[in-house]
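Visitor: Residue numbers (this note's numbering), protein chains in the order written: chain A, 1 to 347; chain B, 348 to 651.
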């Protein structure tokens, strides 16, 4: 039996990332007006879930990650009331944001909170997941850099998040490193090991051009939520491009509720014109996927290349070699300075 | 030795966990402090057994087990490395008996203490309970202060990266307390108008050494020479009690941004060397205890 027939009639929810992960290639400078326009377009196209936050989540505004054009609160207060059907989510990384920001976002009317930790450190999410659930939010546990742990470890960590109150668990390919088999193994472990009512999600990056294939592998293995970015606008080579995934899903009979032509138009007419540069696979974003490095490091490495004359690719490979995890943007300048020192020693 | 001919000041440790045990190793070497009691709550605690082997009196009855002995054993200083919740009670009970408290929990009942920045001030003010902030605070706030003592800092931000193995269950359960407390102390002790703190936990094997990045945004264009000199002076101050405290890169200047990259290697007393984050807490607490002890030995010298 082919996958096409096996997946026919499967209902899943897509979650748009262009206004949150897409903040990375925009250096967090998406305006409130742009947020509103794109979100309305996505809502009209039938996208059920849309994330709106600083690229590094609530409280991400910092020297380390960049200050956004507006505050999380300004973005949320502007976008939430405009939604007819779509629900708005916010991202929160414990260690960066706190429950104070979660309460603020809940007050703005978000319907979903996604609490993200490194894939082996789920126990820092207890207070945030518990509060999300207490506030009546759709509460998602988000295990980043999932390629760095084997499926049994991912399941162990997912169970912690489930025990704190998460009703959905994501295995997240933050580096765009995983191949379809890697995704299938992790989703399968979660599907076997979590409660039947707990949903499973997958968040991909397109650094090895695997975004769509990995997402299909996830659905095949039992995932019911898939993160995509309209126009592919996300960190690194972007996330799974929404319009491509929707078209493929339609061909396979997977029901997303999203209108294929309308979502193409949002990508082409609204999101792509916003980009400061084409978000695509190039030497540096490909290196992220190849070396297993956090996708958000891309622009920081390019900036360090400009400032110190050390190739961004060398920096990204070294970041991967040092087993850095999400949020360690501060190491990029440090690594660039180290590489510079080593080079002057060598000469 | 400054304490020449004087009797050591006797102290108690509450909480025989990793932090308490590492602190005990440090206090055993102190020329001015004598650790006498270790307080726990679990009769089977390895930490209590180890303390007994090192010649301390122990109780598994919590702080109540210590109270009847405070006067008889002349306990004047207590180090608390339990939890914020327990510390409040410990502080009240021991405070009534006149014991000075050095608080390594996030309770922060007393004022924050970062030894090279404001310990002298706390001694002058006659503080009886000081709080050691957080590991990230101990590692980074000296650098924020090194910039703010040269010129006004509008915004101070610290990023502490620590190995997964060095972060205990208490910190994990309430990680917001770390970010809030550290950010507050970046402002109140570091001297930045606004403070922000970020903690990253990295599980790499072998475990990575504690790394810290400090970003300051100055109000006016930074005076590069003066800030660089001030940073180096402050590094030397911290190295007096944490020899493995190192400036790895920087200070880097870009516009009004000043960035400092640090590495903290622990002494490896009881805790492994990579856990510089824990070592800097116990080392700062021991240093604070010693300064309190000197005040007790010769009140005239530092009293206001």
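For glycine and all other residues, C-beta sits at the position ideal for the given N, C-alpha and C.
Assign residue 636 of chain B to buried or exposed, taking buried as 16 or more other Cβ atoms, counted over all protein chains shown, within 10 Å of its Cβ.
Guide: The residue you call residue 636 of chain B lines up with position 289 of the second chain. Per the 10 Å Cβ criterion, buried.
Visitor: Does any C-beta atom of chain A lie closer than 9 Å to the C-beta of residue 513 of chain B?
Guide: For this step, residue 513 of chain B is matched to residue 166 along the second chain. By this cut-off, residue 513 of chain B is not an interface position.
Visitor: Using a Cβ-Cβ cut-off of less than 7 Å, give me the residues of the stretch 49-76 of chain A that come near chain B, in sequence order.
Guide: 62, 63 and 64
Visitor: So that I know if they touch, is there some Cβ in chain A lying closer than 9 Å to that of residue 348 of chain B?
Guide: If you number the second chain from 1, residue 348 of chain B lands on position 1. Residue placement at residue 348 of chain B is flagged as unreliable, the pLDDT there being 44, under the threshold of 50; a coordinate-derived value is accordingly withheld.
Visitor: Would you kindly report the start and end of the unbroken beta strand (DSSP E) that includes residue 423 of chain B?
Guide: In the second chain, the residue the question calls residue 423 of chain B occupies position 76. Residue 423 of chain B -> beta strand (DSSP E) spans 422-427.
Visitor: Report the rounded CA-to-CA distance for residue 384 of chain B versus residue 112 of chain A, giving the unit in angstroms.
Guide: Indexing the second chain from 1 puts residue 384 of chain B at position 37. Indexing the first chain from 1 puts residue 112 of chain A at position 112. Counting only the Cα atoms, residue 112 of chain A lies some 50 Å from residue 384 of chain B.
Visitor: Residue 609 of chain B lies in the beta strand (DSSP E); which residues open and close that run?
Guide: Taking the second chain and counting its residues from 1, one reaches residue 609 of chain B at position 262. Where residue 609 of chain B is concerned, the enclosing beta strand (DSSP E) stretches over 604-611.
Visitor: At a Cβ cut of 9 Å, what residues of the stretch 586-617 of chain B count as close to chain A, listed as they run along the chain?
Guide: Answer in chain order: 595, 596, 597, 599, 601, 604, 606 and 608.
Visitor: Would you say residue 649 of chain B reaches chain A, if we count a Cβ-Cβ gap shorter than 9 Å as a contact?
Guide: Mapped onto the second chain, residue 649 of chain B falls at position 302. For residue 649 of chain B, the pLDDT reaches just 49, beneath the cut-off of 50, and the residue's location in the model is therefore unreliable, although a value from the coordinates is still provided. No, residue 649 of chain B does not count as interfacial toward chain A.
Visitor: Beta carbon of residue 177 of chain A, beta carbon of residue 155 of chain A: below 9 Å?
Guide: In the first chain, the residue the question calls residue 177 of chain A occupies position 177. In the first chain, the residue the question calls residue 155 of chain A occupies position 155. Against a cut-off of 9 Å, the Cβ pair of residue 155 of chain A and residue 177 of chain A comes out as no contact.
Visitor: Please return the same chain residues whose Cβ sits closer than 7 Å to the Cβ of residue 271 of chain A, not counting the five positions on each side in sequence.
Guide: What you label residue 271 of chain A is simply residue 271 of the first chain in a count that begins at 1. Closer than 7 Å at Cβ, skipping near neighbours: 18, 38, 230, 231 and 233.
Visitor: Quick check on the DSSP output: the beta strand (DSSP E) that includes residue 549 of chain B runs from which residue to which?
Guide: Position 202 of the second chain, counted from the start, is the residue given in the question as residue 549 of chain B. Taken as a continuous stretch (DSSP letters only), the beta strand (DSSP E) holding residue 549 of chain B covers 539-549.
Visitor: Identify every run of the alpha helix (DSSP H) within the stretch 249-337 of chain A, keeping only runs that are complete inside it and at least 4 residues long; order them along the chain.
Guide: 260-265, 283-291, 298-308 and 312-321
Visitor: List the residues of chain A that residue 549 of chain B touches, going by C-beta distances under 8 Å, in chain order.
Guide: On the second chain, position 202 is the one that residue 549 of chain B refers to. Per Cβ cutoff of 8 Å: 118, 323, 324, 325 and 328.
Visitor: Between residue 151 of chain A and residue 323 of chain A, what straight-line distance do the alpha-carbon atoms span, to the nearest angstrom?
Guide: Here residue 151 of chain A refers to the residue found at position 151 of the first chain. Here residue 323 of chain A refers to the residue found at position 323 of the first chain. For residue 151 of chain A and residue 323 of chain A, the distance between alpha carbons rounds to 19 Å.
Visitor: Counting C-beta neighbours from all protein chains within 10 Å, is the total for residue 444 of chain B 16 or more, i.e. buried, or is it exposed?
Guide: What you label residue 444 of chain B is simply residue 97 of the second chain in a count that begins at 1. It is exposed - the Cβ of residue 444 of chain B has fewer than 16 other Cβ atoms within 10 Å.
Visitor: I'd like to know if residue 96 of chain A contacts chain B, where contact means its C-beta is closer than 9 Å to some C-beta of that chain.
Guide: Taking the first chain and counting its residues from 1, the one referred to as residue 96 of chain A is at position 96. Cβ-Cβ to chain B under 9 Å: yes for residue 96 of chain A.
Visitor: Note down the Cα distance separating residue 106 of chain A from residue 94 of chain A, rounded to an integer number of angstroms.
Guide: For the purposes of this step, residue 106 of chain A is identified with residue 106 of the first chain, where counting begins at 1. For the purposes of this step, residue 94 of chain A is identified with residue 94 of the first chain, where counting begins at 1. Answer to the nearest angstrom: the Cα atoms are 16 Å apart.
Visitor: In angstroms with no decimal places, state the Cα-to-Cα distance between residue 489 of chain B and residue 584 of chain B.
Guide: One-based indexing of the second chain puts residue 489 of chain B at position 142. One-based indexing of the second chain puts residue 584 of chain B at position 237. Going from the Cα of residue 489 of chain B to the Cα of residue 584 of chain B covers about 9 Å.
Visitor: With a threshold of 16 other CB atoms inside 10 Å of the CB of residue 347 of chain A, please say whether the residue is buried or exposed.
Guide: Translated into positions along the first chain, residue 347 of chain A becomes position 347. Confidence is the limiting factor: at residue 347 of chain A the pLDDT is only 49, short of 50, which leaves the residue's position unreliable and the question unanswerable from this model.
Visitor: Can you confirm whether residue 124 of chain A, when its beta carbon is compared against all beta carbons of chain B, has any partner nearer than 9 Å?
Guide: As a position in the first chain, residue 124 of chain A is number 124, starting the count at 1. For residue 124 of chain A, the closest Cβ of chain B is nearer than 9 Å.
Visitor: Quick check on residue 127 of chain A - is its C-beta less than 9 Å from some C-beta in chain B?
Guide: Here residue 127 of chain A corresponds to residue number 127 of the first chain, with the count starting at 1. It does; some Cβ of chain B falls within 9 Å.
Visitor: So, under 8 Å CB-CB, residue 627 of chain B and residue 561 of chain B are touching, yes? Tell me the CB distance rounded to an integer number of Å.
Guide: Residue 627 of chain B sits at position 280 when you count from the first residue of the second chain. Residue 561 of chain B sits at position 214 when you count from the first residue of the second chain. Contact flag wrong, Cβ pair sits at about 14 Å.
Visitor: Should residue 426 of chain B and residue 449 of chain B be called a contact, given that it needs their Cβ atoms to be closer than 9 Å?
Guide: Taking the second chain and counting its residues from 1, one reaches residue 426 of chain B at position 79. Taking the second chain and counting its residues from 1, one reaches residue 449 of chain B at position 102. Yes, they are a contact pair.
Visitor: Using a Cβ cut-off of 9 Å (strictly closer), state whether residue 144 of chain A contacts chain B.
Guide: Position 144 of the first chain, counted from the first residue, corresponds to residue 144 of chain A. Output row for residue 144 of chain A: interface = no.
Visitor: Tell whether a beta-carbon distance below 9 Å holds between residue 510 of chain B and residue 621 of chain B.
Guide: On the second chain, position 163 is the one that residue 510 of chain B refers to. On the second chain, position 274 is the one that residue 621 of chain B refers to. It is a contact, given that the beta carbons lie within the stated cut-off.
Visitor: Is there contact between the stretch 71-91 of chain A and the stretch 118-133 of chain A, where contact requires at least three CB pairs shorter than 8 Å?
Guide: no
Visitor: Is the CB of residue 317 of chain A under 9 Å away from at least one CB in chain B?
Guide: In the first chain, residue 317 of chain A corresponds to position 317, counting from 1. No, because no Cβ of chain B sits closer than 9 Å to the Cβ of residue 317 of chain A.
Visitor: Taking the alpha carbon of residue 407 of chain B as the reference point, which residue from B/401, B/391 and B/418 has its own alpha carbon closest?
Guide: On the second chain, residue 407 of chain B is found 60 positions in, with the first residue counted as 1. Measuring from the Cα of residue 407 of chain B, the nearest candidate turns out to be B/391.
Visitor: Looking at the strands, I want to know which residues DSSP matches up with residue 140 of chain A.
Guide: The residue you call residue 140 of chain A lines up with position 140 of the first chain. Under DSSP, residue 140 of chain A shares a beta bridge with A/114 and A/168.
Visitor: For the stretch 241-259 of chain A, list every residue whose C-beta sits within 8 Å of some C-beta in chain B, in sequence order.
Guide: Within the stretch 241-259 of chain A, no residue places its CB atom closer than 8 Å to a CB of chain B.
Visitor: I'd like to know whether the C-beta of residue 449 of chain B is nearer than 9 Å to at least one C-beta of chain A.
Guide: The sequence position of residue 449 of chain B within the second chain is 102, counting from 1. Residue 449 of chain B does not count as touching chain A.
Visitor: What residue from B/478, B/517 and B/370 has the CA that sits closest to residue 358 of chain B's CA?
Guide: To locate residue 358 of chain B, count along the second chain from 1; it is residue 11. The candidate whose alpha carbon is nearest that of residue 358 of chain B is B/370.
Visitor: Any beta carbon from chain B within less than 9 Å of residue 269 of chain A's own beta carbon?
Guide: In the first chain, the residue the question calls residue 269 of chain A occupies position 269. No, residue 269 of chain A does not count as interfacial toward chain B.
Visitor: Alpha carbon to alpha carbon, how far is residue 189 of chain A from residue 133 of chain A?
Guide: Translated into positions along the first chain, residue 189 of chain A becomes position 189. Translated into positions along the first chain, residue 133 of chain A becomes position 133. When rounded, the distance between both Cα atoms is 24 Å.
Visitor: Who are the Cβ neighbours of residue 66 of chain A in its own chain at under 6 Å, not counting the five residues just before and after it?
Guide: As a working note, residue 66 of chain A is residue 66 in the first chain. Within the same chain, residue 66 of chain A has close Cβ partners 27 and 28.
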